[in-house]
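Student: In our numbering, the protein residues as written are 70 to 260.
For every residue, glycine included, the Cβ atom is placed at its ideal position computed from N, Cα and C.
What follows is a single structure, and I will ask about it in a moment.
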């Protein structure tokens with residue numbers, strides 16, 4: 070008889086662990102992703118007039134501002150959920166992270182950069198950010214019938230904050246055949 074009581078208690082405990090884990094992961098990763106977005110604008114700004122036009126810089130800046138605002142909102146919503154778990158908040162987080170991905174996915178086709186080194190750097194940074202946001206989104210609990218339940222077998226696991234910084238730094242410090250691009254991106258390494 071006691072075994073039957075243990076199963077619901079164990080299931081609730083595991084769900085709480087999963088909830089605590091995705092909250093912890095989001096709170097560690099989002100503050101690393103934000104400077105990556107800002108640093109992309111910095112590097113593009115340093116390349117304005119060289120390999121990045123004023124129009125492309127404006128597009129990158131506008132997109133980065135939208136993404137930064139959405140990431141800040143996602144962080145606020147994660148904190149809100151942590152202090153007051155509400156399935157509606159998970160839905161809001163999911164929508165906001167989806168907007169981040171949509172904005173990032175629309176950035177590359179909107180750019181008219183002809184220099185391949187610049188395009189490769191921007192693409193690699195955007196893909197890294199998008200991948201990490203997608204990984205966080207895949208950790209979110211499933212909301213069904215007004216209740217949040219842990220997502221079984223979540224997809225890609227986000228990188229740790231240190232690994233994410235390491236990967237970003239590897240991208241921005243990878244030498245290209247364009248010295249101006251190397252110089253601009255070397256300035257934006259994360260510490």
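1) Within this structure, are the beta carbons of residue 143 and residue 159 separated by less than 7 Å?
2) Is residue 102 near residue 129, with beta carbons less than 7 Å apart?
3) What I want to know is whether the C-beta of residue 195 ends up closer than 6 Å to one or more non-hydrogen atoms of the ligand NAD.
4) Using a Cβ-Cβ cut-off of 6 Å (strictly less than) and excluding sequence neighbours within five positions of residue 199, which residues of its own chain qualify?
5) Can you give me the start and stop residues for the alpha helix (DSSP H) that residue 178 sits inside?
6) How long is the line joining the alpha carbons of residue 118 and residue 233, rounded to whole angstroms?
7) Roughly how many whole angstroms lie between the Cα atoms of residue 184 and residue 120?
8) With distance defined between alpha-carbon atoms, name the residue in 105, 90, 112 nearest to residue 256.
9) Could you check what DSSP says for residue 119 in three-state terms: helix, strand or coil?
10) Tell me the rounded alpha-carbon separation between residue 196 and residue 238.
11) Buried or exposed: which applies to residue 211, given that a residue is buried once 16 or more other Cβ atoms fall within 10 Å of its Cβ?
12) Quick one: measure Cβ to Cβ for residue 106 and residue 133, integer angstroms, because I've assumed they're closer than 8 Å.
13) Rounded to whole angstroms, how far is the Cβ of residue 139 from the Cβ of residue 97, which I believe are closer than 8 Å?
14) On the CB-based measure, 16 or more other CB atoms within 10 Å of its CB, does residue 147 come out buried or exposed?
15) By a C-beta neighbour count over all protein chains shown, 10 Å radius and 16 as the cutoff for buried, is residue 206 buried or exposed?
16) How long is the line joining the alpha carbons of residue 250 and residue 149, rounded to whole angstroms?
Tutor: Put simply:
1) Position 74 of the chain shown, counting from 1, holds the residue named residue 143. Position 90 of the chain shown, counting from 1, holds the residue named residue 159. No, they are not a contact pair.
2) Locating residue 102 in the chain shown gives position 33, counting from the first residue. Locating residue 129 in the chain shown gives position 60, counting from the first residue. No, the Cβ-Cβ distance between residue 102 and residue 129 is not below 7 Å.
3) You won't find the ligand NAD in this model; it holds no ligand whatsoever.
4) Position 130 of the chain shown, counted from the start, is the residue given in the question as residue 199. Answer for residue 199: 170, 173, listed in chain order.
5) The residue you call residue 178 lines up with position 109 of the chain shown. Taken as a continuous stretch (DSSP letters only), the alpha helix (DSSP H) holding residue 178 covers 156 to 179.
6) For the purposes of this step, residue 118 is taken as residue 49 along the chain shown, with counting starting at 1. For the purposes of this step, residue 233 is taken as residue 164 along the chain shown, with counting starting at 1. Taking the straight line from one Cα to the other gives about 30 Å.
7) By one-based count along the chain shown, residue 184 stands at place 115. By one-based count along the chain shown, residue 120 stands at place 51. Approximately 6 Å between the Cα atoms of the pair.
8) As a working note, residue 256 is residue 187 in the chain shown. Of 105, 90, 112, the residue nearest in Cα terms is 112.
9) Working through the chain shown from its first residue, we reach residue 119 at position 50. It is coil, neither helix nor strand.
10) On the chain shown, position 127 is the one that residue 196 refers to. On the chain shown, position 169 is the one that residue 238 refers to. About 14 Å.
11) Within the chain shown, numbered from 1, the residue matching residue 211 stands at position 142. Exposed, because fewer than 16 other Cβ atoms sit within 10 Å of the Cβ of residue 211.
12) Counted from its first residue, the chain shown places residue 106 at position 37. Counted from its first residue, the chain shown places residue 133 at position 64. With a Cβ gap of about 5 Å, residue 106 and residue 133 count as contacting.
13) Numbered from its first residue, the chain shown carries residue 139 at position 70. Numbered from its first residue, the chain shown carries residue 97 at position 28. Not a contact, Cβ separation roughly 18 Å.
14) Taking the first residue of the chain shown as position 1, residue 147 is located at position 78. Residue 147 is buried by the Cβ-count criterion.
15) The residue given as residue 206 occupies position 137 in the chain shown. By the 10 Å Cβ count, residue 206 comes out buried.
16) Your numbering for residue 250 matches position 181 in the chain shown. Your numbering for residue 149 matches position 80 in the chain shown. Whole-angstrom Cα-Cα distance: 40 Å.
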